[in-house]
Amino acid sequence: MNIRTRFAPSPTGFLHVGGARTALFCWLHARATGGQFILRIEDTDLERSTPESVQAILDGMAWLGLDYDEGPFYQTDHFDRYAEVIRQLLSQDKAYTCYCSKQRLEDLRERQMKEGIKPRYDGKCSHLEFKPEGIEPVVRFRNPRDGDVVFDDQVRGRISISNNELDDLVIARPDGSPTYNFTVVVDDMDMNITHVIRGDDHINNTPRQINIYRALGAEPPVFAHVPMILGDDGARLSKRHGAVGVMQYRDDGYLPQALLNYLVRLGWSHGDQEVFSIDEMVELFDIKDVNRKAGAFNTDKLDWLNQYYMKGLDPDVVAEHLDWHFDDLGISASEGPPLADLATVQAERVKTLREMAAQSRVFYEGYSEFDPKAAKKHLRPVSAMPLHAIRTKLLTIEDWSAGPLHGAIDGVAAELEVGMGKVAQPLRVALTGCGVSPSIDKTLWLMGRERSLEGIDKALAFIKARVAAQ
RNA sequence: GCUCCCUUCGUCUAGCGGUUAGGACGCGGCCCUCUCAAGGCUGAAACACGAGUUCGAUUCUCGUAGGGAGCGCCA
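Yeah, the first sequence ends on 505 if you go by our numbering, and it's all consecutive.
Here is the structure:
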């Protein structure tokens, strides 16, 4: 069987992490089976759909690398087709026009709630002798009266619901525009979708959709309902949880590889394995292994994965992503070490690319003032000697790389018979203006000879001035 | 209210009738150490509850409790 999956978001906001994970699962299922992954924009709600949202979804998919084989298709382009199917259903008496006012429906619902029964349409118009004049009717699908709808959900197992729990749902509004539960069925049918993988908020819609498939003479696809993603406090994801849009994660400094890995492990697992490359995901993912429970989003773990990938990925790849943050923070990467070199050193010290860029500014722009506390502690008269000594050594080093640089510092410490700290800390302050930086050999390496010597001179001048002032 | 769904450490999860209930993040401790980290070792931490079924239940069944979703002329 040729597997075809689709991701069908409605463009009413950005691509959030829940949607992204659903898209990832759809994508993986298609890729794993050599099938097709289709993107369809469900924009039938003209009021709430916006072109900006469409773009945000496309951007999010692109950043994550979730490429689609067909689409994006837009439901607003399919209105003729929907109208055609509605006419067909009407002519076969599988649907009927309903003239009930919204007011009557509201009253009905209220009464049913009060009686403690599930609110549903009572079928008043299902067998009308005379059609009222002057009222534009809605069209309702004639749902089967009895029997059960049973389907084997790939993640939930068998789900069964009685038809008398369902009512005759509206499939077209008075202006003829179709509604969701109807359009998904028509599109999934027309696009030969074999596996519908979507959020579990759609479980309750599935039985009615299956009935529509059957009325259309089509075989329903296989369904798989994946659980939703909760905020880190276990509550439903919302704006107050901070980053929920996929692109916000890019802005915050996460690698798409890390987010993808995090997302695939939220609700799915393969034994004890935590890290999955894209290829491994494709190879190992099975929709049947997806969990049933909603999962809470844990930023700490995402951070861990992000750092893992920053450390493990090809530095050139990391550098490409890092470059975006340099631009965004207004740091010019031209006056300093190559970003790939920087990334290899900084990756183990930060959780995000954002932090990496922000903390690396000194390698490109230098510093103007010493951090007072660091200077007070490390730029003392006693530090002058080590700084002079290391300065002399740096002048003669031919191979400006971590190994020889480390040797030079070791040498100075040995000659002066002091600990590493007595050399490294003053030097660190001289180079960076502050007391925190990568290991001293790496800091020198990244800083380069010229900037390093300048820093040492600046520090020596500072010490001299300090002595003079006393 | 009704229907459907869910329930293993704080979090993500492994488990598929018999295990010292495993791993990961986070947290504590120790080691390493030129700062911050990273890394190594190590510790604390869970089967929601109650009945069955069974020689034996985390695992199967049914209840209870708690949580979620749906019940639109939104998707």
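The beta carbon of each residue, even a glycine, is placed where N, CA and C say it ideally should be.
Since the model is a prediction, treat every value here as computed from it, not as a measurement.
Query, Result
"Which word fits Thr85, buried or exposed, when buried means at least 16 other C-beta atoms lie within 10 angstroms of its C-beta?", "exposed"
"Grab the span of the alpha helix (DSSP H) containing Val173 for me, first residue to last.", "Here Val173 belongs to no alpha helix (DSSP H); instead the beta strand (DSSP E) covers 173-176."
"Return the first residue and the last residue of the beta strand (DSSP E) that Ile206 is part of.", "205-207"
"Between Gly107 and the rest of its own chain, which residues show a CB-CB distance below 6 angstroms, the 5 nearest in sequence each way excluded?", "Note that residue 107 is Pro in the sequence shown here, rather than Gly. So the qualifying residues of the chain are Leu74, Ile76."
"Quick check on Gln147: does DSSP put it in helix, strand or coil?", "helix"
"Of all the options His237, Asp157, Val221, which has the alpha carbon lying nearest to the alpha carbon of Arg191?", "His237"
"Taking only runs that begin and end inside the segment 318-359, name each unbroken alpha helix (DSSP H) of 4 or more residues, in chain order.", "334-347"
"Going straight from the alpha carbon of Ser403 to that of Leu488, what length do you get?", "15 angstroms"
"Okay, do the segment 358-373 and the segment 294-305 touch, 3+ Cβ pairs below 8 angstroms being the bar?", "no"
"Quick one: Cα of Glu355 to Cα of Ala293, how far?", "15 angstroms"
"May I ask which residues mark the beginning and end of the beta strand (DSSP E) holding Ile196?", "192-197"
"In three-state terms, what does DSSP make of Val257?", "strand"
"Is the beta carbon of His51 less than 8 angstroms from the beta carbon of Val281?", "yes"
"Can you tell me which residues form a DSSP beta bridge with Asp188?", "Gly192"
"Buried or exposed: where does Phe42 fall if 16 or more other Cβ atoms within 10 Å of its Cβ makes it buried?", "buried"
"Sort Gly252, Gln244, Phe165, Asp335 by Cα distance to Asp267 and report the nearest one.", "Asp335"
"Over the uninterrupted alpha helix (DSSP H) stretch that includes Phe497, give me the two end residues.", "484-504"
"Where does Ile76 sit, in a helix, a strand or coil, going by DSSP?", "strand"
"Thinking just about the alpha-carbon of each residue, which of Ala270, Tyr131, Ile245, Gly252 is nearest to the one in Phe258?", "Ile245"
"I'd like to know if the segment 481-500 and the segment 420-431 are in contact, where contact means that at least 3 CB-CB pairs between them fall below 8 angstroms.", "yes"
"Thinking Gln110 and Asp222 are a contact (beta carbons under 8 angstroms), I'd like their distance in whole angstroms, please.", "7 angstroms"
"By the three-class DSSP mapping on this structure, what secondary structure does Ile238 have?", "helix"
"Just to confirm, is the Cβ distance from Pro350 to Ala368 under 8 angstroms?", "no"
"When you compare only the Cα positions, how much space is there between Val184 and Asp202?", "13 angstroms"
"Please state if the CB of Ile247 and the CB of Val205 are separated by a distance shorter than 8 angstroms.", "no"
"Closer than 8 angstroms is the cut-off here; do at least three beta carbon pairs connect the segment 456-475 with the segment 406-419?", "yes"
"Can you give the Cα-Cα distance for Pro262 and Leu319, rounded to whole angstroms?", "20 angstroms"
"Look at the alpha carbon of Asp270 and the alpha carbon of Glu171, and state the distance between them as a whole number of angstroms.", "The residue asked about is misnamed: residue 270 is Ala in this sequence, not Asp. Each residue's alpha carbon lies about 42 angstroms from the other."
"Which term fits Thr229, buried or exposed, when burial requires 16 or more other beta carbons within 10 angstroms of its beta carbon?", "buried"
"Would you kindly report the start and end of the unbroken beta strand (DSSP E) that includes Ala368?", "Premise fails: Ala368 is in no beta strand (DSSP E) and is neither H nor E."
"Between the segment 111-120 and the segment 86-102, do at least 3 Cβ pairs fall closer than 8 angstroms?", "no"
"Within its chain, find whatever has a CB closer than 6 angstroms to the CB of Tyr344; leave out the 5 residues flanking it on each side and keep chain order.", "Leu290, Gln292, Ala293"
"In this structure, how does DSSP classify Val231 when only helix, strand and coil are distinguished?", "strand"
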